[in-house]
Amino acid sequence: MSEKRINNVEKGNYYLVNGLNMYYEIHGAGKPLVLIHGAFGSIKTNFGNLLPAFKETRQVIAVEMQGHGHTADIDRPLSHEQLADDVAGLLRYLNIENADIYGYSLGGDVTIQLALRYPDLVRKIVFSGGPSYHPDGFYTEFLESDKMMKPGKPWKEYYDSIAPNPSDLSIVAQKIKKMTHAWKGVPNVDLKSLNAPALLIIGDSDIVRLDHVVDMFKILGGGVPGDLVGIPNSQLAVLPGTTHASLLKRTHWLLSMIMEFLDAPLPK
């Protein structure tokens, strides 16, 4: 497991991977923890409340994907698989041999692909905000809502202030919408093959049905009587009174759950 202190300057860096000039930041030292934001998100808007605590004990590698934050869009469609390939290429460049991955929303989908496509790179995964493995899990209202396919005003204002080409936002929005509607999901057999323990975190008023996330939890080995057979490798948390967006503000809950999960020894 890699615990190297690499380029620990708390400012942004760029790496050219798969034709994408990808922005990333490194904070702290310790076991690597990779942060992957959601659609229309960035390091600051998705992880600004959590990163200060994470970097106290971890080497945090936070990325900004194609067309997001400081990373410019390129002439390439968006897909979960391609975004995972980009993150993997960056981690190889940084000599990260094995890391915990925390993805929010779209970042969680990318995290699943990262664990499937590069299992050697991934130790544990956290998927918060709408954990899903099939499009049927989304509420119909979400898929039909143009509002959910656009960035909120604060996020747009921040994007305009840091993006290399702010005028590309409308193009990125269309790419995100197309990717969302084209997504076919992850086959059960592939999801079941994941070796990395997973923590699924969802708001009780999120964009994905609770029964769908419970099914995902069961596929990952959960939903068993732990007193009889032991605690499963994967875990599920449902945050009360929490929507998809407000989940990002549940800092104390998230930190208590995520750090305990990540710091626990790997199952034998």
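Numbered according to my numbering, the sequence shown terminates at residue 269, and the numbering increases by one at each position without gaps. Positions of the beta carbon are idealized from the N, C-alpha and C atoms, including for glycine. Computed from a predicted model, the values in this text were never measured in an experiment.
Report the three-state DSSP secondary structure of Ser194 (helix, strand or coil).
-> coil
Indicate the three-state DSSP secondary structure (helix, strand or coil) for Ala238 in the structure shown.
-> strand
Look at Ile203 and Leu240 and say whether their C-beta atoms are less than 9 Å apart.
-> yes
Label Asn47 either buried or exposed according to how many other C-beta atoms from any shown protein chain fall within 10 Å of its C-beta, with 16 as the threshold for buried.
-> Counting the other CB atoms within 10 Å of its CB gives Asn47 a total of 16 or more, which places it among the buried residues.
Return the chain-ordered list of same chain residues with a C-beta closer than 8 Å to the C-beta of Leu267, the five sequence neighbours on each side being excluded.
-> Arg124, Lys125 and Pro198
Thinking C-alpha only, which one of Phe128, Lys56 and Val173 is nearest Ile75?
-> Val173
Can you list, in chain order, the residues of its chain whose CB lies under 6 Å from that of Pro165, leaving out five sequence neighbours each side?
-> Ala73
Given that a residue counts as buried once 16 or more other Cβ atoms are within 10 Å of its Cβ, and exposed if not, what is Asp110?
-> buried
Within its chain, find whatever has a CB closer than 6 Å to the CB of Tyr16; leave out the 5 residues flanking it on each side and keep chain order.
-> By the criterion of a C-beta distance shorter than 6 Å, Tyr16 is surrounded in its chain by Met23, Leu91 and Tyr94, once the five residues flanking it on both sides are discounted.
According to DSSP, what are the bridge partners of Leu102?
-> Leu is not the amino acid found at residue 102; the sequence shown has Ile there. In the DSSP output, where bridge partners are listed per residue, Ile102 has Val35 and Ile126.
May I ask which residues mark the beginning and end of the alpha helix (DSSP H) holding Ala183?
-> Leu170 to Ala183
Hey, could you find the ends of the beta strand (DSSP E) Ile44 is sitting in?
-> Per DSSP, Ile44 belongs to no beta strand (DSSP E); it is in the alpha helix (DSSP H), Ile44 to Phe48.
Backbone secondary structure at Met2 - three-state DSSP | Confidence in Met2 is poor, its pLDDT being 35 and thus under 50, which makes the residue's placement unreliable; the coordinate value appears in the next sentence. Reduced to three states, the DSSP call for Met2 is coil.
From Pro33, Ser146, Lys45 and Tyr25, residue whose alpha carbon lies closest to that of Glu158 | Lys45
Out of Leu79, Pro78, Gly20 and Gly104, state which residue places its alpha-carbon closest to the alpha-carbon of Ser43.
-> By alpha-carbon distance to Ser43, the top candidate from Leu79, Pro78, Gly20 and Gly104 is Gly104.
Name the DSSP beta bridge partners of Met23, please?
-> Tyr16
Could you tell me whether the region 52-72 touches the region 21-40, where touching means 3 or more Cβ pairs closer than 8 Å?
-> yes
So, Gly20 versus Arg77, is the Cβ gap smaller than 9 Å?
-> yes
Report yes if the C-beta of Asn196 is less than 8 Å from at least one heavy atom of the ligand FAD; otherwise report no.
-> Judged by which ligands are present, the structure shown has none, so any question about the ligand FAD falls away.
Touch check for the region 216-234 and the region 145-153: three-plus C-beta pairs under 8 Å?
-> no
Assuming Pro132 and Val214 form a contact by the criterion Cβ under 8 Å, report the distance between their Cβ atoms to the nearest whole angstrom.
-> 5 Å
Hey, quick one: how far does the alpha helix (DSSP H) through Ala89 stretch, first residue to last?
-> His81 to Tyr94
With a Cβ-Cβ cutoff of 9 Å, do Val88 and Leu263 count as a contact?
-> no
What is the DSSP secondary structure of Phe218, counted as helix, strand or coil?
-> Phe218 falls in the helix class under three-state DSSP.
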